[in-house]
Amino acid sequence: MSKIVVLGIPLDLGAGRRGVDMGPSALRLAQLANALIHLGHELEDLGNIEAPVLEAMKPGNDLPYADAIARTCRLASQKLSRLAPEVFPICLGGDHSVSLGTIPGSSSNRRTGVLWIDAHADLNTPSTSPSGNIHGMPLAHLLGKGDERLLDIWGGGPMIRPEDVVLIGLRSLDPGEKELVHRLEVRAFTMKEIDKRGIAEVAALALEHLKDVERLHVSFDADALDPVLAPGVGTPVPGGLSYREAHLLMELLADAEVVTSLDLVEVNPFLDIQNTTAKIVVEMTASLLGKRIL
Ligand SMILES: [Mn+2]
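Going by our numbering, the letters in the sequence shown line up with residues 20 to 313, in that order.
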């Protein structure tokens with residue numbers, strides 16, 4: 020059993036649609052803590068990192084809100100980096116830009132692998148992004164490409180190696196993201212790969228690919244799930260992971276006993292139906308942390 024720490028990061032400045040700042044509340048109200056305590060884990064909730072409110076800010080000219088996002092992510096990273104290495108952090112977003120803080124913060128200064136479970140690759144840079152929204156850019160920055168203010172969260176340059184990243188659930192990429200996946204040779208399992216191989220084989224290949232890392236961070240974007248199941252997300256894309264595919268992926272990751280930290284991001288209760296999306300994400304988390312059918 021693990022010692023789990025929960026940290027909310029109610030940041031929505033990286034997203035194009037509002038409401039994802041309520042994600043931490045939605046996940047807590049969906050009984051995240053109880054679900055994990057029930058499995059025998061020890062859990063401490065550290066509350067939320069203070070995140071700026073859009074209405075109280077002036078957007079910058081170039082990359083809107085980059086300074087505020089960098090500040091919030093740095094606070095999250097500092098808080099997480101003070102945890103003992105054996106503690107398992109669960110970070111509640113917020114939009115996916117929070118991973119700019121959670122991944123360096125959870126790395127314990129070790130070689131860290133990242134399993135990015137998402138409909139999108141989040142591999143845009145400010146120069147390739149069609150929307151300019153930073154939640155479509157965190158993975159590119161973690162790989163060392165993009166805006167200095169965001170790279171500076173961990174002191175500049177790449178935070179992780181391209182060979183230590185695996186993407187699962189992809190079905191919507193911009194041209195610049197496709198180019199970066201090919202150029203950096205990032206291992207990417209699109210929905211086509213999942214349909215062809217089955218999620219069990221994909222999980223095994225992903226784990227094999229990441230076998231040399233010392234820490235393994237799972238960054239789970241709720242929009243990886245099919246929007247029929249999980250409608251409470253800002254950027255839904257049809258044809259996502261089914262209920263069982265997502266559970267099986269989590270169960271197989273749990274069996275491997277290699278995951279050391281987790282993000283749960285992009286849950287938007289404002290766009291949801293009776294908190295369904297947060298409830299499913301909590302179920303997925305329980306599977307990742309050892310809930311078994313038998
Ligand atoms: Mn994402």
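Each residue gets a CB set at the ideal place from its N, CA and C atoms; glycine is no exception.
Note that the coordinates shown come from a computational prediction; the quantities given were computed from them, not determined experimentally.
Closest by C-alpha distance to proline 29, out of Ala85, Glu74, His236, Cys110, is Cys110.
With a cut-off of 7 angstroms, the C-beta of aspartate 240 is classified as near ligand 1, since at least one heavy atom of the ligand falls inside that distance.
Scanning Ala85, Ile153, Val278 for the CA closest to the CA of serine 306 turns up Val278.
In the structure shown, histidine 57 adopts coil according to DSSP, grouped into three states. In its chain, beyond the 5 residues on either side, Ala45, Leu46, Ala49, Val286 have a beta carbon closer than 6 angstroms to the beta carbon of alanine 297.
Burial check for asparagine 53: the Cβ neighbour count within 10 Å stays below 16, so the residue is exposed. Assignment of glycine 120 by DSSP, reduced to helix, strand and coil, places it in the helix class. Here lysine 22 carries a strand assignment [DSSP, helix/strand/coil].
Rounded to whole angstroms, the separation of the alpha carbons of threonine 131 and arginine 180 is 8 angstroms. For the alpha helix (DSSP H) assignment, the uninterrupted runs of no fewer than 4 residues enclosed by the stretch 152–231 are, from N- to C-terminal side, 157–161, 167–170, 194–203, 210–216, 218–228. Between alanine 241 and glycine 188 a beta carbon distance of about 11 angstroms is seen, past the 8 angstroms cut, so the two are scored as non-contacting. Relative to ligand 1, the beta carbon of glutamate 285 is positioned inside 7 angstroms of a heavy atom. Taken atom to atom, the span from the alpha-carbon of valine 39 to that of alanine 265 is near 21 angstroms. The beta carbon of histidine 115 sits closer than 7 angstroms to at least one heavy atom of ligand 1. A contact is defined here as three or more CB-CB pairs under 8 angstroms, and the stretch 256–271 fails this definition with respect to the stretch 115–124. As the crow flies, the alpha-carbon of alanine 222 is around 42 angstroms from that of glutamate 74.
By the Cβ criterion, the stretch 198–209 is not in contact with the stretch 91–102, since fewer than three pairs of Cβ atoms, one from each stretch, lie closer than 8 angstroms. For aspartate 240, the enclosing beta strand (DSSP E) covers residues 234–240. Secondary structure at isoleucine 312: coil, using DSSP grouped into helix, strand and coil.
Around the beta-carbon of glutamate 198, fewer than 16 other beta-carbon atoms lie within 10 Å, marking it exposed. In terms of CA proximity to threonine 91, Asn67 leads the group Lys77, Asn67, Arg101, Ala138.
Counting the other CB atoms within 10 Å of its CB gives isoleucine 56 a total below 16, which places it among the exposed residues. Note that the stretch 79–89 does not touch the stretch 250–257; fewer than 3 beta-carbon pairs, one per stretch, sit closer than 8 angstroms.
DSSP places leucine 111 inside the beta strand (DSSP E), whose first and last residues are 107–112.
Contact between the stretch 222–237 and the stretch 131–146 is established, with three or more Cβ pairs separated by less than 8 angstroms.
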